[in-house]
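Undergrad: In my numbering, the protein residues as written are 528 to 629.
Okay, here's the thing in structure tokens:
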């Protein structure tokens, strides 16, 4: 199964059934993905993500889930590397959620 995100990034699901979700936040510079890889319910869920060089937000998934809708927070901007890690760039940006994160 292949799923395209807003940026055209493809997710290749290795397992036939997976329970992963991509968290996004809105910023003054547009929509940004939280971390570089989707959050998976089980560590055995395997997803390959290719976002090398794309901007990301260095925010814990748990923190995003606790954010109130429409409230402005400060997030650290980062860049995705080859290992799907969001490498902080020491730049802060306003961020908020317009929807309930699961």
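Just so it is clear, CB atoms sit at the ideal spot from N, CA and C, and this is done for glycine as well.
Closest to residue 600 by CA distance: which of 585, 566 and 580 is it?
TA: Within the chain shown, numbered from 1, the residue matching residue 600 stands at position 73. Comparing Cα positions, the closest option is 585.
Undergrad: Assign residue 619 to buried or exposed, taking buried as 16 or more other Cβ atoms, counted over all protein chains shown, within 10 Å of its Cβ.
TA: Position 92 of the chain shown, counting from 1, holds the residue named residue 619. Residue 619 is exposed by the Cβ-count criterion.
Undergrad: Do the segment 590-599 and the segment 608-617 touch if we need at least three Cβ pairs shorter than 8 Å?
TA: At 8 Å Cβ cutoff, the stretches do not touch.
Undergrad: Where residue 604 and residue 546 are concerned, what is the direct C-alpha to C-alpha distance, given to the nearest angstrom?
TA: Working through the chain shown from its first residue, we reach residue 604 at position 77. Working through the chain shown from its first residue, we reach residue 546 at position 19. One C-alpha to the other measures close to 26 Å.
Undergrad: Alpha carbons only, please: which of 580, 554, 616 and 549 is nearest the one belonging to residue 567?
TA: The residue labelled residue 567 in the question sits at position 40 within the chain shown. When only C-alpha atoms are compared, the closest one is 549.
Undergrad: Rounding to the nearest angstrom, what Cα-Cα distance links residue 556 and residue 562 in this structure?
TA: To locate residue 556, count along the chain shown from 1; it is residue 29. To locate residue 562, count along the chain shown from 1; it is residue 35. Distance between the alpha carbons of residue 556 and residue 562 is about 17 Å.
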